Amino acid sequence: MGKRQCVCSSDRSRTFWTCTWGRFWTNPIRKKWVQPSMSSTPLSSTETAHRMTSLENSHQSLRDELAQSEQRHKEEVAEIHAKHKEQITEALAEAKRQSDAQHKEQMAEALAGANSRSTGRSKAAIGCTA
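Here it is, written out as structure tokens:
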């Protein structure tokens, strides 16, 4: 069975929803949905049962689609979260490497300065001139 579709259109002060099972519109004064009186004969109990079954099936398929959509959304969020966590871990590791390298460089400069000062003092102590 094909999907039922409703089409919205406007006519002056009323908004119409035309559906396969009838035409509905809003009444701006009463703020209600109104279905025009039908000139056709009322539905038989078989037709009513068929329509109810169709609506129930449609409702169930919409619930299934919603559940699938929610599951996909959860999976996407989990994937994005894991990717983000990995990016943060990589960024922290890179920052630590840079900090360690900078610290080693500063220590090497400090040791080199300390060695040159102590070498200069020891040479001065023994009376050497450079």
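Start counting the sequence shown at 1; every next residue gets the next number (our numbering). C-beta: ideal position from N, C-alpha, C; glycine also. No experiment lies behind these values; they were computed from the predicted model shown.
Shown here for SER99: not one same chain residue has a beta carbon closer than 6 Å to its own, the five before and five after excluded. Look at SER44 here: in three-state DSSP terms it is coil, with no helix or strand label.
In this structure, the straight-line span from the alpha carbon of SER54 to that of HIS73 is close to 28 Å.
The alpha-carbon separation between GLU47 and SER58 amounts to approximately 16 Å.
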